[in-house]
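Chains as they are written, first to last, in the numbering used here: chain A, 1 to 413; chain B, 1001 to 1271.
Cβ coordinates follow ideal geometry from the N, Cα and C atoms, glycine included.
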Amino acid sequence: MSAQNQQSLLVEPPAEWHFGPFGGRFVPETLVPALDELAQAYESCLADPSFAAELSLYLRDYVGRPTLLYYARKLTEHLGGARIFLKREDLCHTGSHKLNNVMGQLLVARRMGKPRVIAETGAGQHGVATATVCALFGLECVVYMGEEDVRRQALNVFRMELLGAKCIPVTSGSRTLKDAINEAMRDWVTNVRTTHYVIGTCMGPYPYPRMVRDFQSVIGRETREQMLNQCGRLPDYVLACVGGGSNAIGIFHPFLEDEEVRLVGVEAAGSGIETGKHAATLSAGSPGVLHGYYSYILQDENGQVAETHSVSAGLDYPGVGPEHSWLKETGRAEYVAATDLEALDAFRTLAALEGIIPALESAHAVAHAIKLAPTLSPDKIIVVNLSGRGDKDVETVSRLMEKRDEPDQPSLF
Amino acid sequence: MSRISRRFSELKERGEKALVPFITGGDPGILATDPLVLEMEEAGADIVEIGIPFSDPLADGRSNQAAYTRALERGVRPRDVLDAVARIRRVSQIPIVLMTYFNPVIRYGIARFADDAAEAGVDGIIATDLTPEEAGAWVREARRARLDTIFLLAPTSTEERIARVCELSTGFVYCVSRVGITGAQARVPEELGELVMKIRSHTDKPVVVGFGISSREQVQQVCAIADGAVVGSALVDFIHSRHRHDDFLPQVRAFVRELKVGTRPAAVGAH
């Protein structure tokens, strides 16, 4: 066969697989037909008005949407600058934005007739959300969770079990979210004919990043409308924490065309980016392939994926949704990072001033608002996506505060 | 004609099928890889497959994953695996296929990796997480460097995909024996024969079956229907459990020799 004929066999992947150069589908052949089937099922759900109607009923009556857009007056006055609004995703049933995506995906899976559902989880929020909807729909549910996270988030493990899910601790690699995803992928490769894999963030092979973004975009659509109703204008800044990036893409996406709105993703700087102990993928990573997609990842010079560190299990991930890589590359969104200490400080500040305990993940976004607001005039508006509530983190934080009082420990606050 | 194609013609003349042992590059040590390959060639291996260690091998089971981790802990880099191949090439013409995940190749530089692999004496590359849709840049560079590009087919592959993979694969077509990840299994799946027949209806290229094959009996069953069998995890475990023994290399030789029996006409005919 001539070289020219050989090249003609290389059909370019469909445009919708990618965000600029990022995204795509890098998976073992066994999964390809399942991804095609999922993409087709999702397309037909999108084309079916009864799907949208069903989803919005569940979002209203079960998830508890719309969530509030709350003006944080005391925090604003304390900081003395821009007005700060909180998008209260922490008020969703199960305590975080994760349920928006799970509800959507499991309605799709139910139409596909898949009786078994698997998920990965880091902080446990996505695992709990998945276990919850599986209980509601009567589906078998298995959740993979890194052994390290099982230890950090024992309460969420108990919740999942109470909801009828089986939680499997993952002991390979760094024993956190990254390895839980590998293990869930292996399960999926093996049981692909009966199983739907509910990926919890806007990463993975096509169609996941697009589908998860679509299901999470309800956050941004509501925020935009609420902002116009409550303030008569759009915000100047929208801030959200970024691990995989699903709450961020959900609130960013409906603002993409509003060029005057600055979109800022806040990554986990852990002990500080300069220490190497962090999870700030967009700030310090480089493009590569992980978990089936091409995006910024944290890796060494040989393409081995790096281990990450963050006080927040949900941000402790060395990849990031491919659409964020594209938003960074095009400059439409900017990405900054907050350290463990800054997040812990924000955690306490929001609790003390507003009576709202944020998830440690969301506390990273609050931490950036604390830095940003005083530099802006009071006529500016910042919206912070408060992606989850912090009950799950109270034990971790109390342990860290105790440590602070031990003389030999470095101060954590 | 590539070394791989030439090897399949020779085997055909002898009425034999190909035994393709898989080892992880750099396990149990980067200087162990070339003596192991030469030992396996002596024992009757027809083509060898060497895995480039990767931190997140999501298509691999416990055995290979553990071997990758051990190799990475020793600091084994893709360059070290290419160097081992270059050392083998000085003394042997055995066809060598590298199995890798795509990220180490991207990081190395796709064009540079193709050039350096070809220069080291590699014959073909299997990228476990690369399917034809995303393989454009890789296939162009591999063709330019005259490396075979081997793609995988699975029991879930549709007719349309089988046709496409058969056209794009060179050297041979890698048929995944079952729905799942790598790792030794008690038996060869019954529907394998049907899948191999389906693949053969699309191509005359050799079809090699891998994933889950661990014994002479299984090699024999596979070779009754396909052109070769890959034995991976079982060998990786064998090597790991015995590499400190004084007679380590003779033990490997005996194991591979035993597997090779399963590819010979008497054995194949007897099945």
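### Message
LEU75 of chain A and ILE84 of chain A - do their beta-carbons sit closer together than 8 Å?
### Response
yes
### Message
Strictly under 8 Å for the Cβ-Cβ distance: is SER295 of chain A near chain B by that measure?
### Response
no
### Task
Please state whether DSSP places TYR1108 of chain B in a helix, a strand or coil.
helix
### Task
Check distances from the C-beta atoms of the region 1109-1135 of chain B to those of chain A and list, in chain order, the residues that come in under 8 Å.
THR1128, ASP1129, LEU1130, THR1131, PRO1132, GLU1133, GLU1134 and ALA1135
### Query
In terms of residues, what are the limits of the beta strand (DSSP E) holding CYS134 of chain A?
From DSSP, CYS134 of chain A is part of no beta strand (DSSP E) but of the alpha helix (DSSP H) over 125-137.
### Query
Just to confirm, are PRO1189 of chain B and ARG1178 of chain B a CB contact at a threshold of 8 Å?
yes
#### Entry: Nearest residue (CA-CA) to LEU502 of chain A, options A:ALA367, A:GLU334, A:VAL63 and A:LEU31
Because chain A is modelled from 1 through 413, residue 502 of chain A falls outside the range shown and cannot be assessed.
### Query
For a contact meaning CB atoms closer than 7 Å, what does VAL192 of chain A contact in chain B?
THR1156 and VAL1179
### Query
Can you find a CB in chain B that lies within less than 8 Å of the CB of SER325 of chain A?
no
### Query
Between ILE1225 of chain B and chain A, is there a C-beta pair that is closer than 8 Å?
Taking a beta-carbon distance threshold of 8 Å, ILE1225 of chain B does not count as an interface residue toward chain A.
### Where ARG159 of chain A meets chain B, residues with beta-carbon distance less than 8 Å
Here the premise fails: no neighbours, minimum Cβ distance about 27 Å.
### Message
Between LYS74 of chain A and chain B, is the shortest Cβ-Cβ distance under 8 Å, so that the two count as touching?
### Response
no
### Message
Contact defined as beta carbons within less than 8 Å: I believe LYS403 of chain A pairs with LEU155 of chain A. What is the distance between those atoms, to the nearest angstrom?
### Response
About 20 Å separates the two Cβ atoms, so there is no contact after all.
### Rounded C-alpha distance that separates PHE19 of chain A from PRO207 of chain A
12 Å
### Task
Under 7 Å between beta-carbons, which chain B residues line up against PRO378 of chain A? List them in chain order, please.
Simply none; closest approach about 47 Å.
### Query
Considering only residues of the same chain and omitting the five flanking positions on each side of GLU1217 of chain B, which have a CB-CB separation below 8 Å?
GLY1262
### Contacts of PRO1078 of chain B in chain A (Cβ-Cβ under 9 Å)
By Cβ distance, chain A contributes ASN302 and GLY303.
### Task
Would you mind stating whether SER1055 of chain B and VAL305 of chain A have Cβ atoms separated by less than 8 Å?
yes
### Query
In this structure, does DSSP put SER217 of chain A in helix, strand or coil?
Look at SER217 of chain A here: in three-state DSSP terms it is coil, with no helix or strand label.
### Message
Taking 8 Å as the threshold (C-beta atoms), are ALA279 of chain A and HIS309 of chain A in contact?
### Response
yes
### DSSP-derived helix/strand/coil call for GLN299 of chain A
strand
### Rounded separation between ALA47 of chain A and GLN216 of chain A - CA only
18 Å
### Near-chain B residues of the region 24-46 of chain A - C-beta to any C-beta below 9 Å
GLY24, ARG25, PHE26, VAL27, PRO28, GLU29, THR30, LEU31, VAL32, PRO33, ALA34 and ASP36
### Message
Using only the alpha-carbon positions, how far apart do THR121 of chain A and ILE1088 of chain B sit?
### Response
44 Å
### Every unbroken beta strand (DSSP E) inside the region 180-252 of chain A [3 residues or more]
195-198 and 237-241
### Contacts that GLU12 of chain A makes with chain B (C-beta to C-beta distance below 9 Å)
GLU1133 and GLY1136
#### Entry: Sequence-distant residues of its chain with Cβ nearer than 8 Å to ARG1146 of chain B (five each side left out)
Closer than 8 Å at the Cβ level, and outside the excluded window around ARG1146 of chain B, lie SER1002 and ALA1118.
### Task
Please list the partners that GLN1065 of chain B has in chain A, where partner means a Cβ-to-Cβ separation under 8 Å.
SER172
### Query
Is the distance from the Cβ of VAL1076 of chain B to the Cβ of PRO1053 of chain B below 8 Å?
When the beta-carbon positions are compared, VAL1076 of chain B and PRO1053 of chain B come within less than 8 Å of each other.
### Task
Output yes or no for whether 8 Å exceeds the beta carbon distance between ILE1213 of chain B and VAL1207 of chain B.
Between ILE1213 of chain B and VAL1207 of chain B, the C-beta spacing is not below 8 Å.
### Task
Go ahead and label VAL157 of chain A buried or exposed: buried means 16 or more other beta carbons lie within 10 angstroms of its beta carbon, across all protein chains shown.
buried
### Message
Let me check understanding here. Comparing Cα to Cα, which of A:GLU361, A:SER398 and A:GLU395 lies closest to VAL384 of chain A?
### Response
A:GLU361
### Query
Ordered along the chain, which non-local residues of its own chain (more than five positions away) have a Cβ less than 8 Å from that of PRO410 of chain A?
Caution is warranted here: a pLDDT of 46 is assigned to PRO410 of chain A, below 50, making its placement in the model unreliable, and no coordinate value can be reported.
### Message
Rounding to the nearest angstrom, what Cα-Cα distance links ALA313 of chain A and ALA269 of chain A in this structure?
### Response
13 Å
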